[in-house]
Structures are given as C-alpha cells and as structure tokens.
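A.B. asks: Just so you know, the sequences run in chain order P and R. With my numbering applied, the first sequence covers 1 to 552. With my numbering applied, the second sequence covers 1 to 174.
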Amino acid sequence: MYRYDEFDHNFVMERVAQFRDQVVRRLNGELSEEEFRPLRLMNGLYLQLHAYMLRVAIPYGVLSSRQLRKLADIATKYDRGYAHFTTRQNLQYNWPKLEDMPDILEELASVEMHALQTSGNCIRNITADQYAGVASDEIEDPRICGEILRQWSSLHPEFSFLPRKFKIAITGSPRDRAAIKLHDIGIVMVKNQAGEVGCEFWVGGGQGRTPVIAKCINAFVPKRDMLSYAEAILRVYNMHGRRDNIYKARIKILVNEIGIEEFTRQTHEQWEHIRNGALDVPAEEIARITAYFAPPAYETLQADPDGFVKKRESDPAFAAWLRSNVAAHKIPGYAIVNISLKPIGGIPGDAADVQMHAVADLAERFSFDELRVTHEQNLTFADVKQCDLYALWTLLGEKGLATPNIGLVSDIIACPGLDYCALANARSIPVAQRISERFADLQRQHDIGDLKIKISGCINACGHHHVGHIGILGVDKKGTEFYQITLGGSADENASIGEILGAAFSYDEVVDAVEKVVDTYVKIRSSRDENFLATVRRTGIAPFKDALYAVH
Amino acid sequence: MQYIKNGKISADTWVHAGVDDELPATGGVIVPLARWAAARDMLLARKAPLGVRLTSSESPEKIRADLGRFDLVALEFPIFRDGRAYSYARLLREQYGFKGELRAVGNVLYDQFLFMHRCGFDAYEVQKDADAGRFARALSEFTVRYQPDADGSPSAIQLRHQPQRNVKNAGSRP
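1. I'd like the span of the alpha helix (DSSP H) that includes residue 309 of chain P, first residue to last.
2. Whole angstroms are fine: how far does the CA of residue 379 of chain P sit from the CA of residue 171 of chain P?
3. Counting contacts by CB-CB distance shorter than 8 Å, is residue 32 of chain R in contact with chain P?
4. Is residue 87 of chain P helix, strand or coil by DSSP?
5. Should residue 348 of chain P and residue 432 of chain P be called a contact, given that it needs their Cβ atoms to be closer than 8 Å?
6. Compute the distance between the beta-carbons of residue 125 of chain R and residue 104 of chain R, then report whether it is under 8 Å.
7. Please tell me whether residue 475 of chain P and residue 504 of chain P are closer than 8 Å, where the distance is taken between their beta carbons.
8. For residue 264 of chain P, count neighbouring C-beta atoms within 10 Å of its own C-beta (all shown protein chains included) and say buried if the count is 16 or more, exposed if not.
9. Can you find the residues in the same chain that come closer than 6 Å, C-beta to C-beta, to residue 337 of chain P, ignoring five residues on each side of it along the sequence?
10. Flag this pair as yes or no: are the beta carbons of residue 250 of chain P and residue 206 of chain P separated by less than 8 Å?
11. Thinking just about the alpha-carbon of each residue, which of P:526, P:521, P:494, P:454 is nearest to the one in residue 175 of chain P?
12. In whole angstroms, what is the alpha-carbon distance linking residue 415 of chain P and residue 506 of chain P?
13. Cβ closer than 8 Å: which chain R residues qualify as neighbours of residue 278 of chain P?
14. Which same chain residues end up closer than 8 Å to residue 150 of chain R when comparing Cβ atoms and leaving out the 5 residues on each side of it in sequence?
15. Rounded C-beta distance between residue 481 of chain P and residue 440 of chain P? I'm assuming under 8 Å.
16. I'd like the span of the alpha helix (DSSP H) that includes residue 86 of chain R, first residue to last.
17. Beta carbon of residue 380 of chain P: closer than 7 Å to some heavy atom of the ligand SAH?
18. Given that residue 157 of chain P touches chain R, what residues does it touch there, using C-beta distances under 9 Å?
19. Taking 8 Å as the threshold, find out whether the segment 313-322 of chain P comes into contact with the segment 45-56 of chain P through three or more Cβ pairs.
20. Below 7 Å on C-beta distance, what does residue 235 of chain P contact in chain R?
21. Tell whether a beta-carbon distance below 8 Å holds between residue 234 of chain P and residue 279 of chain P.
22. Between R:97, R:77, R:24, which lies nearest to residue 162 of chain P when the distance is taken from Cα to Cα?
23. Does the separation of the CB atoms of residue 115 of chain P and residue 44 of chain P fall below 8 Å?
24. Enumerate, from N- to C-terminal direction, the unbroken beta strand (DSSP E) stretches of 3 or more residues contained entirely within the segment 19-61 of chain P.
25. Determine, for residue 10 of chain R, whether the minimum Cβ-Cβ distance to residues of chain P falls below 8 Å.
26. Between residue 289 of chain P and residue 260 of chain P, which are expected to be in contact by the criterion C-beta below 8 Å, what is the C-beta distance as a whole number of angstroms?
27. Could you tell me whether the Cβ of residue 111 of chain R comes closer than 8 Å to any Cβ of chain P?
28. Kindly indicate which three-state DSSP category residue 167 of chain R falls into: helix, strand or coil?
29. In terms of DSSP beta bridges, what is residue 201 of chain P paired with?
30. Going by DSSP, what residue range makes up the beta strand (DSSP E) through residue 481 of chain P?
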C-alpha cells in the first residue's frame with residue numbers, strides 16, 4: 001500500500017498544527033461557531049444530536065494492520081470502545097470531545113492517517129473497489145489513480161469552498177463494486193485501442209433528494225492528463241454550480257440544467273487551457289505510486305488444495321461461509337475473504353475495539369498485513385491462501401466476525417439515522433436490526449440469495465436507499481416515523497434508481513412489508529438462478545404492489 | 001479594517017465608489033461592474049488609476065475584453081462558504097494574464113489567506129484586525145502543496161521529480 005514520503009508526512013503534521021490552532025481560537029472565543037463550522041467540517045468534525053462526531057479518512061478503503069490497531073486504540077481512549085465503518089469506506093467516532101481532537105489527529109498522523117476532507121463542501125475522501133489489485137477482470141489497480149487524485153484534492157486552494165460536497169469513486173474493473181455511477185465523478189480504468197490504460201470519466205451522478213445516474217463525459221483520458229481533466233470539471237462546477245439552494249447545489253443539478261453537451265463543452269474549453277501544463281502527472285510519478293501497489297509476494301500454490309476441499313465438503317457451515325463471503329482471486333490458490341460487520345441483530349458497520357484488534361492480527365497473519373473497508377460497510381482481506389481459509393474462518397467465528405451473509409438479505413446498509421444524526425427523520429439502525437432478526441435463519445437467507453437492502457433515515461440518502469434492490473426511506477409524518485419502500489435499485493455497472501412501491505409503512509409494519517416482498521419474490525422467481533433484482537426487472541413492481549396493497 | 005498588499009499591512013490609496021457615490025477628484029477608484037458599464041468613458045477620462053469590483057456572481061469573463069483598462073480587480077467573498085472567486089482569480093491570473101492588483105474583499109478571514117494567495121490574490125481587505133497581523137503566519141502554515149500555485153510555485157509532484165525547482169523557487173515562496 002501507499003506509504004508517506006517526506007512531503008506527505010510534513011503535510012499531515014502541518015495540518016495537525018493548523019487544526020490545533022483553530023481549536024484553540026474556537027475555545028477562546030476568537031472564532032464564532034459559525035466561523036469555526038466550515039473549518040471543523042473540512043476536518044471531518046460534525047456536531048451531531050448528542051455530541052461531536054469525527055470521521056477519519058481511509059483513502060480508497062485500504063488499511064494496514066498497524067493503522068487499524070491505532071483506530072481501535074483511539075476508540076478505547078477517546079470514545080466508547082467502538083467505531084463505525086461508513087458507506088464511503090471511512091470510519092466514524094460518535095463520542096469524541098472537541099478538546100481531544102488535536103491529540104486524536106496527532107495519533108492518526110503517527111500512522112499516516114488524517115480526517116481531512118471527510119466532510120464539508122470540498123472534494124471528499126476518494127473511494128475505490130475493495131477488490132482492487134485482486135479482481136481477475138481488472139484493467140488496472142484503481143488505487144494508483146486514487147492516490148494521485150487524493151494528493152491533488154488535499155487542501156486544493158481553488159476547490160475548498162465548492163457549492164456542495166464532491167465525491168469521487170474509482171474502479172479498475174468493468175464489474176463495478178464502487179458505485180461509480182452514483183458519484184459526482186466516477187472513474188473506470190479502461191484500455192484504448194492502442195492498448196494504453198487511461199481513465200473513463202463519468203460525471204453528475206448522485207443520490208440524495210434527486211437521484212441521478214452519472215453520464216460519461218470522456219471515454220478515455222490519458223493518466224498524465226487525469227488531474228488537469230478533473231480540475232477542468234471542478235472549475236466549471238465551482239463557478240457555475242448553484243449556491244442559492246443547498247438542495248440544488250450538487251454537480252448533478254448543474255449537469256442536468258445545462259445539459260451534458262454544454263457541460264462537456266465548458267469542461268473541455270477549460271481543459272484546453274490547463275492540459276499539458278503544471279498539472280501533468282509525470283511518468284515518474286505514476287511509476288513511483290504504482291510501485292507501492294505492486295502485488296505482494298504470492299507463493300506458487302495449487303488451486304483448490306485437497307485439505308481445503310475436504311473441509312468444504314465435510315463442514316456445511318464452512319461451505320455456507322465460503323459461498324457468501326469468499327470470492328475468486330486472480331492468483332491460483334488464493335481467495336478474497338469478506339468479513340461481515342452485519343451480525344444478526346447488530347448495528348451495520350459497527351466494530352468494537354477488541355474486534356478491530358482481532359481483525360488487525362488476522363490480517364497480519366493471513367493477508368499480507370492489509371485489509372480494505374467496503375462501501376457496503378464490511379471488511380475485506382484481499383489475499384488469503386485457500387489452505388488458510390478454514391483456520392481464518394474458525395478464528396473469525398470466535399470473535400463474532402464470521403456471519404455468512406455477504407450480499408444476502410441481512411447484509412444491510414443503514415445510515416446512522418435518528419439514533420445519531422441531526423438531519424434524520426426516522427430511525428434506520430433498529431429497522432435494519434429487526435429485518436436482520438426476522439431473517440435470522442441463514443438457511444433461509446441463502447435460499448433467498450443475492451439481495452441488497454439499503455435504509456436511509458431521511459431524503460439525503462446516506463443509506464443509499466435509491467439503489468437498494470429493496471430501498472427503505474424513513475419519513476416523518478406528523479411526528480411519526482414512516483417508511484417508504486422502493487424496488488429495483490442497483491449501484492453496479494447496470495445502475496438503476498428504485499421505483500416507489502406505494503404508501504409508506506409504519507415502524508411496526510415495515511418489517512412485515514419487507515418480508516412480504518421477499519416472499520413474493522421467492523414465489524414468482526423463474527428459477528433459483530434468477531436473483532431478486534433480475535425478477536423485479538423482469539416483472540416490474542406490479543406483483544409486489546399487489547401482494548402488499550391489494551385487498552384480497 | 002486593515003489592508004494587506006504583497007504580504008504587508010499597508011496604507012490603502014484606493015477608494016471604493018458605489019454606483020451612485022461621488023467620485024473623488026483625484027486618485028484611484030474601484031467601481032462596481034455596473035458603473036463601469038454605464039460610465040466607462042467618464043471613468044477613463046479621469047486619467048487616474050481604475051479598479052473594478054466583481055460580485056461572486058459576476059464572472060471576470062465580463063471584463064476580459066477591457067482588462068487592459070484596469071489597474072486593479074477586486075473580487076468579493078460575500079460569505080466564507082462562497083468559493084467562486086478562487087476560480088475567478090485563477091482565470092484572471094493564469095488565462096487572462098492580468099498583472100495588476102488582485103484584491104480580496106468582503107468576508108476575508110485568516111483561514112482563507114493561504115488559499116487566496118495560492119490562487120493569485122496579492123491584496124486583501126481584512127475583516128478582523130487581529131487576522132491581518134498574522135498574515136505571514138497563515139501563509140507559512142503549509143510548506144507542502146499538492147497543487148501548482150497561480151504564481152508558478154511547484155507542486156509536491158514537481159518537487160519530487162525535479163528537486164532543483166525547490167532551490168530555484170525557494171525565494172518566491174512567502
């Protein structure tokens with residue numbers, strides 16, 4: 001993984017000193033809360049319902065064991081012994097104190113981490129495919145361009161006061177696990193006809209009140225031009241994005257209002273001025289960054305070794321975990337392991353300090369000392385030997401980390417909702433917990449198959465409900481929580497926005513309604529191979545509507 | 001209010017004159033875009049330094065053709081969060097080649113100085129007096145810059161691979 005050089009080290013230390021000074025000025029009254037707000041937001045510090053919340057950046061979701069141990073220690077020392085992994089591959093602490101913040105940042109800096117630009121109207125932490133470097137269909141590891149963009153976006157002098165937040169996601173595979181079409185800029189690593197690798201740029205995607213699928217603005221931008229191209233897009237947005245209404249301030253609204261052709265024209269006009277200039281990424285820099293993401297020292301192994309196959313055949317619980325949580329690796333004899341942070345009845349994405357320590361130890365022992373955070377709020381070990389899988393599974397199980405439900409009905413994305421968030425209209429977490437408990441029978445979950453449920457506690461859509469196969473949106477009706485259900489959303493390469501099923505359900509009714517939707521699917525699927533999304537796309541929402549609302 | 005020019009607290013010789021304000025007999029004036037549009041001949045006839053003031057919704061594109069007439073362009077920051085003028089500054093310096101005074105006016109605070117400087121501003125009407133005294137400190141908060149600056153100072157990428165630039169440009173850094 002990337003390691004800081006002297007520039008990066010100095011930069012984060014200078015940032016810590018700067019923020020320490022800002023906190024002092026706030027505490028002694030030199031800065032009003034209004035003046036301090038954009039400064040703390042740029043540093044990932046929110047004021048929530050009950051306390052400050054600190055969001056730590058995990059660039060493109062990659063962590064070393066050492067970093068995870070530090071995150072665990074911070075949870076113990078400054079918080080309540082746990083932390084929360086987010087849908088942008090970041091980590092949140094829900095109870096830190098303002099006066100501790102500079103010390104926390106200094107601890108983060110000691111392991112090459114920071115909280116910069118995890119909130120505020122700036123370029124946010126850049127996310128990427130959690131299978132980066134190990135997916136068999138990958139064109140190029142997306143973390144290379146991710147790191148180049150991360151550095152460029154850090155305290156950008158021109159783009160630190162944008163109309164609204166700005167999110168970038170990158171995938172190196174045609175199979176999209178990073179939801180790039182739901183981002184302000186999405187990048188796909190592609191090969192052109194000459195065999196060169198470059199970036200396909202998508203622009204104007206997003207969720208929130210107005211969900212929009214991004215549009216392709218340039219099918220091939222050479223890597224050396226990647227920063228000037230991104231800068232051109234951001235400049236057009238910074239000058240022309242709406243600032244009169246925060247709900248219309250995202251780039252998707254600008255692109256829709258002036259049209260993708262006009263947006264492209266303006267972007268390319270800017271680009272002509274700045275390409276082949278100081279923003280060029282020299283080949284030496286691309287090579288320097290690429291070297292950090294060189295494959296680890298893989299052994300030459302036999303695929304599907306005998307001992308592994310025997311265990312798979314003799315232990316059905318192990319086999320179930322393999323089926324849902326383990327994915328194919330590009331190197332024979334290795335596997336990708338997903339660790340579910342969605343235990344039945346648990347809080348999606350939460351991890352206790354002891355669990356983080358356990359995961360760090362296991363990553364060190366089994367996966368080259370490295371792990372990834374997924375946007376679906378789980379963890380991934382990218383490089384596990386198949387012959388180690390049984391031992392790893394056993395050890396994960398001892399820590400409550402072997403729930404075999406990745407991609408299944410209880411692998412739910414949920415925003416913090418009314419339990420934490422000042423913006424929420426309704427609770428999300430307890431709805432996720434109750435659905436998870438309703439489908440606690442893992443045999444039943446595996447029988448249902450691939451199904452992504454996503455829950456947001458308000459229209460801002462932090463829980464990605466628009467792109468859930470089943471989406472659940474919490475709304476407030478005269479002081480009572482209600483939940484609207486959508487079907488058919490998807491965040492992958494065939495992204496789609498879910499369709500609203502009908503009238504919202506009360507907090508008490510919503511789990512029954514979800515179960516009825518799932519049971520209807522099981523009844524009408526053409527075969528066990530037709531997953532939930534495929535069925536909804538084939539039949540439309542009518543049969544589900546009928547099951548839920550028709551008077552029989 | 002304190003005025004900073006080229007990094008130092010200075011005496012401001014310019015006068016702002018709104019659309020209906022009386023113009024001083026002599027000396028430099030800074031007028032809103034609307035006044036320039038309405039009274040350009042009269043303003044040019046004064047034979048005195050001339051500046052134009054743009055709100056954050058007035059792109060410098062509107063004065064591009066006349067840029068040679070101005071000794072100063074003032075860009076407004078109506079609120080801290082409104083960052084349009086950072087892009088306007090870069091257009092003026094890097095694309096339109098404006099060499100005159102580029103002045104930040106409005107809600108100009110300590111924590112913006114470095115960003116503004118890096119985008120090409122060289123003059124500031126500072127809202128809080130205490131901030132003005134700490135201007136040099138604000139500019140020195142970061143020695144590492146991941147992006148090239150409007151004044152041509154190199155980015156970290158450039159320094160990594162062309163270390164000689166560090167020496168050459170060391171003097172131009174504040």
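Just so it is clear, CB atoms sit at the ideal spot from N, CA and C, and this is done for glycine as well. For clarity, every value in this text was computed on a predicted model and none was experimentally measured.
C.D. replies: On the basis of the data shown:
1. To locate residue 309 of chain P, count along the first sequence from 1; it is residue 309. Where residue 309 of chain P is concerned, the enclosing alpha helix (DSSP H) stretches over 306-314.
2. For this step, residue 171 of chain P is matched to residue 171 along the first sequence. For this step, residue 379 of chain P is matched to residue 379 along the first sequence. The alpha-carbon atoms of residue 171 of chain P and residue 379 of chain P are separated by roughly 17 Å.
3. For the purposes of this step, residue 32 of chain R is taken as the residue at position 32 of the second sequence. Output row for residue 32 of chain R: interface = no.
4. The count along the first sequence starts at 1 and reaches residue 87 of chain P at position 87. DSSP places residue 87 of chain P in coil when its eight states are reduced to three.
5. Within the first sequence, the letter at position 348 stands for residue 348 of chain P. Within the first sequence, the letter at position 432 stands for residue 432 of chain P. Yes, the Cβ-Cβ distance between residue 348 of chain P and residue 432 of chain P is below 8 Å.
6. Indexing the second sequence from 1 puts residue 125 of chain R at position 125. Indexing the second sequence from 1 puts residue 104 of chain R at position 104. Cβ distance < 8 Å, so residue 125 of chain R and residue 104 of chain R count as in contact.
7. Taking the first sequence and counting its residues from 1, the one referred to as residue 475 of chain P is at position 475. Taking the first sequence and counting its residues from 1, the one referred to as residue 504 of chain P is at position 504. Going by C-beta atoms, residue 475 of chain P is nearer than 8 Å to residue 504 of chain P.
8. What you label residue 264 of chain P is simply residue 264 of the first sequence in a count that begins at 1. Result: buried.
9. Counting from 1 along the first sequence, the entry for residue 337 of chain P is found at position 337. Excluding positions up to five away in sequence, the list reads 326, 381, 384.
10. Residue 250 of chain P sits at position 250 when you count from the first residue of the first sequence. Residue 206 of chain P sits at position 206 when you count from the first residue of the first sequence. In this structure, residue 206 of chain P lies closer than 8 Å to residue 250 of chain P by Cβ.
11. As a working mapping, residue 175 of chain P is identified with position 175 in the first sequence. Of the candidates P:526, P:521, P:494, P:454, the one whose C-alpha sits nearest the C-alpha of residue 175 of chain P is P:494.
12. In the first sequence, residue 415 of chain P corresponds to position 415, counting from 1. In the first sequence, residue 506 of chain P corresponds to position 506, counting from 1. Near 18 Å, if we compare the C-alpha coordinates of residue 506 of chain P and residue 415 of chain P.
13. Within the first sequence, the letter at position 278 stands for residue 278 of chain P. The contacting residues are 148, 152, 154, 155, 158.
14. Within the second sequence, numbered from 1, the residue matching residue 150 of chain R stands at position 150. Result list for residue 150 of chain R: 89, 90, 93, 94, 118, 119, 120, in chain order.
15. Numbered from 1 along the first sequence, position 481 holds the residue referred to as residue 481 of chain P. Numbered from 1 along the first sequence, position 440 holds the residue referred to as residue 440 of chain P. 23 Å between Cβ atoms; not a contact.
16. Along the second sequence, read from residue 1 onward, the residue named residue 86 of chain R stands at position 86. 84-90 is the extent of the alpha helix (DSSP H) around residue 86 of chain R.
17. Ligands are entirely absent from the displayed structure, and the ligand SAH is therefore not among its contents.
18. The residue labelled residue 157 of chain P in the question sits at position 157 within the first sequence. Here the neighbours are 86, 90, 114, 115, 116, 117, 118, 119, 145, 147, 149, 150.
19. no
20. The residue you call residue 235 of chain P lines up with position 235 of the first sequence. Counting only Cβ-Cβ distances below 7 Å, residue 235 of chain P has contacts in chain R at 87, in chain order.
21. Walking along the first sequence from the start, residue 234 of chain P turns up at place 234. Walking along the first sequence from the start, residue 279 of chain P turns up at place 279. No, these two residues do not count as a Cβ contact at 8 Å.
22. In the first sequence, counting from the first residue as 1, residue 162 of chain P sits at position 162. Taking only the C-alpha atoms, the option nearest residue 162 of chain P is R:77.
23. Locating residue 115 of chain P in the first sequence gives position 115, counting from the first residue. Locating residue 44 of chain P in the first sequence gives position 44, counting from the first residue. Cβ distance < 8 Å, so residue 115 of chain P and residue 44 of chain P count as in contact.
24. Complete beta strand (DSSP E) runs here, min 3: 45-47, 52-56.
25. Position 10 of the second sequence, counted from the first residue, corresponds to residue 10 of chain R. Judged by the 8 Å Cβ criterion, residue 10 of chain R is not in contact with chain P.
26. Looking up residue 289 of chain P in the first sequence gives position 289. Looking up residue 260 of chain P in the first sequence gives position 260. Residue 289 of chain P to residue 260 of chain P, Cβ: 31 Å. No contact.
27. Working through the second sequence from its first residue, we reach residue 111 of chain R at position 111. By this cut-off, residue 111 of chain R is an interface position.
28. For this step, residue 167 of chain R is matched to residue 167 along the second sequence. With a pLDDT of 46 at residue 167 of chain R, under the threshold of 50, the predicted position of this residue should be treated as unreliable, though the coordinate-derived value follows. Helix, per DSSP.
29. Counting from one through the first sequence, the residue named residue 201 of chain P turns up at place 201. The partner list for residue 201 of chain P (beta bridge, DSSP) reads P:187, P:218.
30. Locating residue 481 of chain P in the first sequence gives position 481, where the first residue counts as 1. Residue 481 of chain P -> beta strand (DSSP E) spans 480-487.
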